[in-house]
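Enquirer: For what it's worth, the working numbering labels the leading residue of the sequence shown as 1048, then goes sequentially. Here a beta-carbon is modelled for each residue, glycine too, at the ideal position from N, C-alpha and C. Questions regarding the structure given below will be posed in turn.
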Amino acid sequence: EVFGSRGFITAMGNSFLIAGTSALVTTFLAFLMAYTVHYTNVNKYFKKLIEAVAVLPMLLPTITYGFAIIYSFGKQGLWTKLFGFQLFDIYGFKGLMLGYVIYTFPIAFMLINNAISYIDKKFIIVSKLMKDSEFRTLMITLIRPLLGTLVAAFIQSFFLSFTDFGIP
């Protein structure tokens, strides 16, 4: 009866869309943060701060994210009151996206950050000596070894978003 009801296919499609989009964004952001921690000249204290703040949202239940977004960006939220107008509409795709990215980011970051720490940085030097382009160096020395982890982070983020009911 549920599968045959009107609107079920649309609701299922919307669930796949928001889960897939948020998983893609989360995986990309987690990769950027892990890359920043391991492959940039950012201050070591800032790197430690990134690692600490990245996993902090893991300590909260998912319903907290929904309330925090509403109280911050909602029609009567803190930022809406400060600016005098609502920055963006949180009641729909954008709000769910924000909540799911914050919710799934710690898991994706931990997976990618751990895997990236095992990649030998000497391969980058060899790639540079071989006069590979920046893109080719990135693909061969970082993306290819991380591909399984990036897929695992995407899948983990997708299923966490798809099965969550606290943020909506």
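1) Rounded to whole angstroms, how far is the Cβ of residue 1146 from the Cβ of residue 1110, which I believe are closer than 8 Å?
2) Whole-angstrom Cβ separation of residue 1159 and residue 1188, contact assumed at under 8 Å?
3) Applying the 10 Å Cβ sphere with the 16-neighbour rule, what's the burial state of residue 1198?
4) Thinking just about the alpha-carbon of each residue, which of 1056, 1090, 1080 is nearest to the one in residue 1100?
5) Going straight from the alpha carbon of residue 1078 to that of residue 1050, what length do you get?
6) What distance in whole Å lies between the Cβ atoms of residue 1153 and residue 1089, which are believed to be in contact at a cut-off of 8 Å?
Expert: For this structure:
1) One-based indexing of the sequence shown puts residue 1146 at position 99. One-based indexing of the sequence shown puts residue 1110 at position 63. Their Cβ separation, rounded to whole angstroms, is 10 Å, which puts residue 1146 and residue 1110 out of contact at 8 Å.
2) For the purposes of this step, residue 1159 is taken as the residue at position 112 of the sequence shown. For the purposes of this step, residue 1188 is taken as the residue at position 141 of the sequence shown. At roughly 15 Å, the Cβ-Cβ gap does not stay under 8 Å, so residue 1159 and residue 1188 are not in contact.
3) Indexing the sequence shown from 1 puts residue 1198 at position 151. The residue is exposed, with fewer than 16 neighbouring Cβ atoms inside 10 Å.
4) Reading the sequence shown from its first residue, position 53 is the one you call residue 1100. The candidate whose alpha carbon is nearest that of residue 1100 is 1080.
5) By 1-based counting over the sequence shown, the position of residue 1078 is 31. By 1-based counting over the sequence shown, the position of residue 1050 is 3. So the two alpha carbons sit approximately 37 Å from each other.
6) Here residue 1089 refers to the residue found at position 42 when the sequence shown is read from its first residue. Here residue 1153 refers to the residue found at position 106 when the sequence shown is read from its first residue. Not a contact, Cβ separation roughly 20 Å.
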